[in-house]
Structure formats: structure tokens, C-alpha cells
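A quick write-up on the structure given underneath.
Residue numbers (my numbering): 52 to 120.
Written as C-alpha cells, this is what we have:
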């Protein structure tokens, strides 16, 4: 199990556009699972299904993750 920021750091090492945490409450989210480093879409889909995370696109193309309101 690890915190979401550590997992995002790993994805950002290998992929563009970057994943960005857009909400402070997500920095303490503990996640577990096996994800392919070259499949950030699968990772974001899993976050969406398990934790209600939503993705928006930032002005520089980054993928901003927040919780569904």
C-alpha cells in the first residue's frame, strides 16, 4: 500500500501528460494494486471506480485529479 502521490510520481516518470493532484485530500489517499507504468489511463480509471476520482485537463495539458463532488 502506498500514498497516491508516490504512485503518481512513478507514472510521471514514464508518461506525458503529467498526472497532478488537484485537491489536498487526495494526498493522503492510500492505494494498493498492480498497475502498468505505461498505462496511466488504466490507473486513472481504477481511481475513478474505487475512489470517485475525476480527471480534468489543465491549461498546460496536465491531467488534474480531484474527487467527484
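Each residue gets a CB set at the ideal place from its N, CA and C atoms; glycine is no exception.
Where does the unbroken beta strand (DSSP E) through residue 98 begin, and where does it stop?
In the chain shown, residue 98 corresponds to position 47, counting from 1. No beta strand (DSSP E) contains residue 98, which is instead part of the alpha helix (DSSP H) from 91-102.
In this structure, how does DSSP classify residue 106 when only helix, strand and coil are distinguished?
Here residue 106 is taken as the residue at index 55 of the chain shown, counted from 1. In this structure, residue 106 counts as strand in the three-state DSSP scheme.
When burial is assigned at 16 or more other CB atoms within 10 Å of the CB, is residue 135 buried or exposed?
This structure leaves residue 135 out entirely; the chain is present only between 52 and 120.
If you check the beta carbons only, do residue 103 and residue 118 fall under 7 Å apart?
In the chain shown, the residue the question calls residue 103 occupies position 52. In the chain shown, the residue the question calls residue 118 occupies position 67. Taking 7 Å as the Cβ cut-off, residue 103 and residue 118 qualify as a contacting pair.
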